[in-house]
Amino acid sequence: MEPLGLSIGWFPVINAILNIGSAIFLILAFIFIRQRRVQWHRISIILALGCSALFLTSYLFYHSIVGHVPYKGTGWIRILYYGILLSHTLLAIVVLPMIISTIRFALLSNFERHPKIGRITLAIWLYVSLTGVIVFGMLRPYAVEHFKKLQSSNTPIIKTINSTSTMIGTT
Ligand code: HEM
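Numbering-wise (this note's numbering), the sequence shown opens with residue -7 and increments by one.
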C-alpha cells in the first residue's frame, strides 16, 4: 500500500482494538465484582478507562487528518448504519457524566447508589464500545476508498504525512 494508505489506515484498526479492549475490561470488571474481588474490579475499570481515553484521542487525531468518511451503502443497510452510529454517538456523550458519577459514588464509599448507577453505566459503556467496533467494520471498505482519494490530493498535511511515514519506515 502507498504511504498514506498504510500509516493512516492503521488508526481505525487501532481504534477498533481499543474498543474491544474497553469491552473486555468492562466484562471482567463485572465478573470480578460478582465474585467480590473489589481490587480487581477497580483495576479492570481503570484499564477500561485507559482504553476509552486512548480511543478518543486517537479517534479525534485520525478524523482531524482524514475528515469525514462518508458511508456509501444504500437501502436498509444505510439506515442500520446511521441508526447504530447515531445511538453510539449520543450514548457516548451521555455515558461520560455517568462514568464520573459512578466513580464518585465509589470513591465516597456510597455503596448503596454506586451499584445502582454502575449497572446502567456499565451497560451503556459496553454498548458504546461494541457499536464502535461494528461501525468500524461497516465503514472499512469506504474508509480504504477514502484514503486512496486523499492520497492523490496534494494538501500540505497529506504531503507531510507521506514524507514522515517514508522517513520512519512505516511504508
Ligand atoms: C465507571 C466505573 C465503574 C463502574 C461502571 C462500576 C460498576 C459496578 C457495578 C455494575 C456494580 C454492581 C455489581 C452487581 O450487580 O452486583 C459495582 C459494585 C461495586 N463497585 Fe463498581 N464500578 C465502577 C467503579 C468502581 C470503583 C473505582 C470502585 C473502587 C473501589 C468500585 C467498587 C465497587 C464495589 C465495592 C462494589 C460492590 C458494592 C456492593 O454491592 O456493596 N467500583 N460496580
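Heads up, the beta-carbon is just placed ideally off N, CA and C, and yes, glycines get one too.
Test item: CB-CB of residue i and residue j under 7 Å
{"i": "residue 18", "j": "residue 117", "result": "yes"}
{"i": "residue 4", "j": "residue 135", "result": "yes"}
{"i": "residue 120", "j": "residue 86", "result": "no"}
{"i": "residue 10", "j": "residue 47", "result": "yes"}
{"i": "residue 106", "j": "residue 115", "result": "no"}
{"i": "residue 91", "j": "residue 66", "result": "no"}
{"i": "residue 109", "j": "residue 94", "result": "yes"}
Beta-carbon proximity list for residue i, same chain, < 6 Å, skipping 5 on both sides
{"i": "residue -7", "result": "Because the pLDDT of residue -7 is 44, which lies under 50, any placement of that residue in the model is unreliable, and the number read from its coordinates should be weighed accordingly. Within the same chain, residue -7 has no close Cβ partners at all."}
{"i": "residue 25", "result": "33"}
{"i": "residue 51", "result": "7"}
Neighbour-count burial assignment, residue i, 16 or more Cβ in a 10 Å radius
{"i": "residue 0", "result": "buried"}
{"i": "residue 133", "result": "exposed"}
{"i": "residue 30", "result": "exposed"}
{"i": "residue 78", "result": "exposed"}
{"i": "residue 100", "result": "exposed"}
{"i": "residue 59", "result": "exposed"}
{"i": "residue 14", "result": "buried"}
{"i": "residue 165", "result": "Nothing can be reported for residue 165, as the shown portion of the chain is limited to -7 through 163."}
{"i": "residue 37", "result": "buried"}
{"i": "residue 7", "result": "buried"}
{"i": "residue 44", "result": "buried"}
{"i": "residue 82", "result": "exposed"}
Same chain, Cβ closer than 8 Å to residue i, five either side skipped, listed in chain order
{"i": "residue 76", "result": "123, 126, 127, 130"}
{"i": "residue 12", "result": "121, 125"}
7 Å CB neighbourhood of residue i in its chain, flanking five on each side removed
{"i": "residue 39", "result": "17"}
{"i": "residue 64", "result": "134"}
{"i": "residue 80", "result": "120, 123, 124, 127"}
{"i": "residue 61", "result": "131, 134, 135, 138"}
{"i": "residue 145", "result": "none"}
{"i": "residue 73", "result": "63, 65, 130"}
{"i": "residue 2", "result": "none"}
Discussion item. Extract the residue ranges of the alpha helix (DSSP H) inside the segment 30 to 95, only unbroken runs of 4 or more that lie entirely within it.
Written reply: 30 to 58
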